[in-house]
Structures are given as structure tokens and as C-alpha cells.
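Asker:
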Amino acid sequence: MHTMEHLTPKQIVAELDKYIIGQDEAKRKVAVALRNRWRRQQLPDALRDEVAPKNIILIGPTGVGKTEIARRLSRLADAPFVKVEASKFTEVGYVGRDCESMIRELTEAAVHIVRTEMQRSLEGKAKENAERRLLDLLLPPQPSRRSPRSEEDDEENKGPVVEPGIEAEARTREILLAKLREGKLDDREVEIESSESASTPMMQVFSNTGLEEMGINLQDMFGKLMPQKTRRRRVKVSDAREILEEEELQNLIDMDAVVREAIPRAENAGIVFLDEIDKVAGRGGSSSGPDVSREGVQRDILPIVEGSNVTTKYGVVRTDHILFIASGAFHMSKVSDLIPELQGRFPIRVELDSLERGDFARILREPQNSLIKQYEALLDTEGVTLEITDDAIEAIARICQQVNEESENIGARRLHTIMEYLLEEISFDAPDCGEKTLRIDGPDVEQRLSRLIEIRDLSQYIL
Ligand SMILES: Nc1ncnc2c1ncn2[C@@H]1O[C@H](COP(=O)(O)OP(=O)(O)OP(=O)(O)O)[C@@H](O)[C@H]1O
Ligand SMILES: [Mg+2]
């Protein structure tokens with residue numbers, strides 16, 4: 083079912099290793115927490131309800147991979163996943179996002195996953211139906227009989243009363259079908275009537291507003307109010323096939339069934355990544371002003387993490403077994419500044435390591451999507467082959483370390499600004515220099531960046 087949940091902790095760590103350098107402890111703990119979801123699913127009912135998820139707090143300086151671990155986990159996981167920023171929430175009654183919206187988003191993610199799964203399993207059937215409709219368009223059924231579309235499938239297969247001419251027609255259909263499948267009719271034109279998609283752009287603009295957070299589905303409301311527009315148009319068979327398949331898929335999918343499966347999926351496999359939890363740390367009482375509302379936000383988050391029922395537009399979702407992974411730099415505050423009840427709900431704490439020169443070099447080189455690979459690919463589109471030598475990478479890593487120490491430590495984020503600065507001219511000139519190989523070595527890096535570093539004030543602005 084969920085491939086991710088079948089992975090062992092070792093395999094999960096191996097997957098994360100492809101993108102994130104170091105931070106082994108965080109990877110291990112995240113992997114175990116995920117595996118525990120699967121273990122819980124194997125338990126007998128009575129015991130299963132007793133096992134609470136072991137929520138995690140990732141603690142560490144900025145730019146060391148906290149969000150990246152969560153982001154990668156979400157890509158790997160077929161589990162419903164949302165990432166929300168705790169600092170964006172406000173207390174109930176204030177303007178802003180209320181905490182329960184994270185569960186509504188999670189449910190939305192679950193519905194999306196289940197719908198995609200179901201669509202995949204219905205694709206064959208939808209293809210068949212679309213093919214049949216295409217045949218009808220190419221060779222309209224004789225008026226004496228009902229169109230096959232309105233008949234039940236098996237009724238049609240049995241073949242109703244045999245009339246003269248029917249067999250001949252059936253044969254023609256077969257021949258036509260073979261041609262259709264071979265793509266020989268792709269360039270012919272047919273006239274199709276297709277309903278205009280219900281989700282017009284206007285709806286999408288609307289659904290980003292706060293209304294959705296109240297669980298009101300505008301699409302449902304307006305979709306029913308507005309007349310279904312249909313449009314007749316002539317299109318090529320190859321296009322018609324796509325349009326009809328899509329339409330058949332929508333007709334076949336049973337949204338009630340999707341929702342029935344999506345809700346338990348969100349409840350039992352869902353993961354909520356609560357970023358920037360440190361920004362709501364701090365308790366009321368000691369000082370006035372914003373702190374009071376921070377504690378308020380914690381008090382609103384608490385019941386969700388402890389387990390409660392949240393109403394979504396798909397129905398009530400129980401949060402008892404949702405896994406929460408919180409994260410924060412905790413520069414200005416400590417985990418112990420969170421209200422005790424919330425601390426208790428996050429039994430697993432992991433401190434991430436700050437990154438050093440050696441890590442920076444590896445981050446530049448190793449991840450599957452490393453910055454260097456990204457720049458190489460981008461410049462390749464211009465016909466420019468970028469070659470960054472090993473000693474260039476070492477030089478970049480050293481400079482990254484130095485700037486982090488001398489101005490502000492922003493971890494691996496510094497690499498982005500350094501690389502951008504380093505490659506600025508090449509990026510600008512690339513389209514004009516034709517097919518070419520550009521080599522950047524250690525001395526090039528030094529030359530380009532050293533002056534900047536000497537003038538510390540300047541490097542603070544630029545790097
Ligand atoms: N250990 C790492 N391995 C590979 N890339 C990393 C690592 N740490 C950070 N990065 C890169 O640095 C950037 C910032 O990392 P990330 O968003 O995870 O920071 P963070 O720890 O969440 O910081 P913050 O506390 O500011 O939110 C990302 O683009 C990521 O690719
Ligand atoms: Mg982050």
C-alpha cells in the first residue's frame with residue numbers, strides 16, 4: 083500500500099542519504115518514527131489504539147537540513163504529508179490561519195493520494211470506455227438501436243437481439259477498432275461534445291482564500307449552481323482520445339469511496355511537519371504583548387497533537403495517531419520554553435549538527451540534486467559545459483565556512499549565495515558564447531571571491 087512504510091529504517095536512511103549530508107541521528111530517528119507507524123498497523127485492534135506516535139522535535143541552527151529532511155521524507159513517503167509553519171498560526175478568533183487548518187490540509191493531501199491511486203487502477207477501464215465512444219463517433223450506431231453508451235456493459239457484451247446487418251456492423255467496428263489502436267486514424271477529425279471543466283480559473287482564485295479554511299467547498303457550491311457548459315468542437319482523433327479518457331476517468335471515480343479511504347489514511351499514516359515551532363515558544367505571564375499570543379497558539383496546537391476530532395469538508399478526522407515532526411532553530415528560546423503539555427507530546431528530541439567545511443564540500447558534490455549539478459544542467463541548456471574542479475569545490479567550501487564564521491552562520495544556505503556570485507558572469511554571458519567548456523579551478527574561485535571576503539562589510543551584503 084504505502085511503499086514508504088514498507089521500507090526499513092535502514093532503507094529510509096539510505097534514501098535520505100542521497101540528498102542530505104550528515105545529520106545521521108536525525109535521519110535515524112525520523113526513520114524509526116516512520117517505521118513505527120507500520121509496526122502499529124500490524125497490531126491487533128485493541129493494542130493499536132493504545133500506541134501513540136512518538137513525535138519528534140528537530141533542533142538545530144539555521145540552514146543545516148531540518149526542513150530538507152522533512153521535504154525529502156515527504157517526497158519519499160506515499161503517506162499524506164503537510165509542512166506548516168507554526169509561526170503562521172494565530173489563536174482562534176484572531177485574523178490568520180487557525181491551527182486546525184493543518185489537519186484540513188493533511189486530509190486534502192490524503193484525498194489527493196487516494197484519488198490518484200484509484201485513478202491509476204481505473205485507467206484501463208477508462209481507456210476502454212473512451213475507445214468505445216470514439217468508435218461511436220467514427221461509425222455512429224444505427225438509429226434503430228440505442229447507443230451502446232446508454233447500455234450496461236455486460237448487457238452489451240451478451241449482444242442483444244441479433245438483427246440482420248448487425249454482424250456486418252460488428253465486423254466493421256472490429257476492423258475500425260484495430261486501426262484505431264494502431265493509431266492509423268489519429269489524424270482524422272471527429273466532433274466531440276465535452277463539458278467545460280468545472281474548475282475554472284476563477285474558482286482556483288477563490289479557493290485560496292480563507293473560506294476554504296472554514297471547510298466550505300466553493301467548487302461544490304458554485305459547480306452545482308452554474309449550468310454545466312458543454313461545447314461541441316472538431317478535434318483530431320488523437321486529441322479526442324485524451325479528452326474522452328479524462329472524462330471517462332472522472333465519471334468512473336467514486337469520490338465517496340475516495341473519501342472513505344482517505345480519512346483513515348490521514349488518521350493513521352499522516353505526517354504533519356510543524357516548522358518554526360521555536361517561534362511560538364515562550365510563555366505568557368513573564369512579559370506582555372506577543373508572548374501571550376504565542377502561548378495561545380501553543381494551546382491551540384496542543385489538542386491537535388494530543389488527539390482530537392477536527393471537522394474537515396470531507397468529514398471528521400481524528401488526530402490521535404498522526405505523526406508530528408516539529409522543528410526549530412531555538413536560538414532565542416529553548417524547548418523548555420514550550421508549555422509543558424506540548425513538551426510532553428514530543429518525547430523525541432534530536433539536535434542537528436552545525437555544518438563545517440568538509441560538509442559543505444560534500445553538499446556541493448554529493449546530493450543527487452546538488453547545487454553544482456543544478457548549475458551544470460542549467461548551463462548545459464545554453465550549450466555551455468561547466469567544469470568545476472575539485473580544488474574549486476574545496477575553495478568554495480572554505481570560503482563558505484569563513485563567511486559563516488565572520489558574519490552570520492546560515493549553514494548551507496551560504497552556498498547558494500556564493501555559487502550565484504561565483505557564476506554570475508558565466509550565467510549572464512552563457513547564451514552568447516556558443517558551444518564551449520568553461521573550467522573553474524581553485525585559483526579562479528580565490529580570485530573571484532577573495533577580494534570580497536577581505537572587505538568584510540561588503541561580503542555581508544553580497545554573500
Ligand atoms: N545536511 C545537508 N545536506 C544537504 N543539503 C543541505 C544540508 N543542510 C542544508 N542543506 C541545504 O541548505 C538549504 C537550507 O536547508 P534547510 O531548509 O533544511 O534549513 P533548516 O535547517 O530548515 O533551517 P531553518 O532553521 O532556517 O529553517 C537547503 O537548500 C538544503 O538543500
Ligand atoms: Mg527550515
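If you read the sequence shown in our numbering, its first letter stands for residue 83, the second for the next number, and so on. Note that the Cβ used here is the ideal one computed from N, Cα and C, for glycine as well.
1) With a threshold of 6 Å on Cβ separation, who are the neighbours of residue 368 within its own chain once the five nearest residues in sequence on each side are excluded?
2) Quickly, what does DSSP pair residue 520 with across the bridge? List them, please.
3) CA-CA distance, residue 191 and residue 318?
4) Could you tell me which uninterrupted alpha helix (DSSP H) segments, each at least 4 residues in length, are contained entirely in the segment 430–497, listed from first to last along the chain?
5) When you get a sec, list the residues whose CB is within less than 6 Å of any heavy atom of ligand 2, chain order please.
6) Could you have a look at residue 427 and say whether DSSP puts it in helix, strand or coil?
7) Does ligand 1 have even one heavy atom less than 6 Å from the beta-carbon of residue 254?
8) How would you label residue 410, buried or exposed, when you count the other beta carbons within 10 angstroms and need 16 or more for buried?
9) Pull up the distance between the alpha-carbon of residue 342 and that of residue 273, whole angstroms please.
10) Assign residue 133 to one of three DSSP states: helix, strand, or coil.
11) Looking at the unbroken alpha helix (DSSP H) that takes in residue 218, where does it start and where does it end?
12) What separation, rounded to the nearest whole angstrom, lies between the Cα atoms of residue 473 and residue 524?
13) My output table needs one value for residue 393: the three-state DSSP class, helix, strand or coil.
14) Is it the case that the segment 497–511 contacts the segment 472–488, given that we only count it when at least three CB pairs across the two stretches are under 8 Å?
15) Cutting at 7 Å between CB atoms, please list the residues of its own chain near residue 209, excluding the five before and the five after it.
16) In angstroms, rounded to a whole number, what distance separates the CA positions of residue 261 and residue 218?
17) Hey, is the segment 184–198 in contact with the segment 389–400, meaning 3+ C-beta pairs nearer than 8 Å?
18) Bridge partners for residue 357 per DSSP, in chain order?
19) Cβ-heavy atom distance between residue 516 and ligand 1 below 6 Å?
20) Tell me whether residue 257, by its Cβ, gets closer than 6 Å to a heavy atom of ligand 1.
21) Round the Cβ separation of residue 204 and residue 254 to the nearest angstrom and send it over; I've been treating them as touching at under 8 Å.
22) For residue 93, does the three-state DSSP call read helix, strand or coil?
23) Taking the beta carbon of residue 483 as the centre, do at least 16 other beta carbons fall within 10 Å, making it buried, or is it exposed?
24) By the 10 Å Cβ neighbour count, where 16 or more other Cβ atoms means buried, how is residue 350 classified, buried or exposed?
25) Specify the secondary structure class of residue 418 as computed by DSSP and reduced to three states.
26) State the DSSP-derived secondary structure class of residue 266, mapped to helix, strand or coil.
27) Between the Cα of residue 347 and the Cα atoms of 270, 145, 163 and 513, which residue gives the shortest distance?
28) In whole angstroms, what is the alpha-carbon distance linking residue 276 and residue 263?
29) Can you have a look at residue 463 and say buried or exposed, based on whether 16 or more other CB atoms are within 10 angstroms of its CB?
30) For residue 521, does the count of other Cβ atoms within 10 angstroms reach 16, so buried, or fall short, so exposed?
31) In the DSSP assignment, what are the bridge partners of residue 140?
32) Run through the DSSP bridge pairs and tell me what residue 318 is partnered with.
33) May I ask whether a heavy atom of ligand 1 can be found less than 6 Å away from the beta carbon of residue 105?
34) Measuring straight from C-alpha to C-alpha, what distance separates residue 93 and residue 99?
35) May I ask whether a heavy atom of ligand 4 can be found less than 6 Å away from the beta carbon of residue 208?
36) Assuming residue 354 contacts residue 111 (C-beta within less than 8 Å), just tell me the rounded distance between them.
Answerer: Concretely, from the data shown:
1) Only weak support is given to the placement of residue 368: the predicted model assigns it a pLDDT of 48, under 50, and the value that follows is read from those uncertain coordinates. Nothing meets the Cβ criterion.
2) According to DSSP, which records beta bridges pairwise, residue 520 is partnered with 468.
3) 35 Å
4) 439–447, 453–462 and 472–488
5) Listed along the chain, these residues meet the criterion: 148, 149 and 357.
6) Correct three-state label for residue 427: coil.
7) no
8) Result: buried.
9) 38 Å
10) coil
11) Here the alpha helix (DSSP H) through residue 218 covers 183–220.
12) 5 Å
13) Residue state, collapsed to three classes: strand.
14) yes
15) 327
16) 14 Å
17) yes
18) 167
19) no
20) no
21) In fact, because the Cβ distance is near 29 Å, the residues do not count as touching under 8 Å.
22) helix
23) buried
24) buried
25) In this structure, DSSP gives residue 418 a helical state, which the three-state scheme calls helix.
26) coil
27) 163
28) 22 Å
29) Under this definition residue 463 is an exposed residue.
30) exposed
31) 409 and 432
32) 271
33) yes
34) Whole-angstrom Cα-Cα distance: 10 Å.
35) Here the bound small molecules are ligand 1 and ligand 2; ligand 4 is not part of this structure.
36) So it is not a contact: roughly 16 Å between Cβ atoms.
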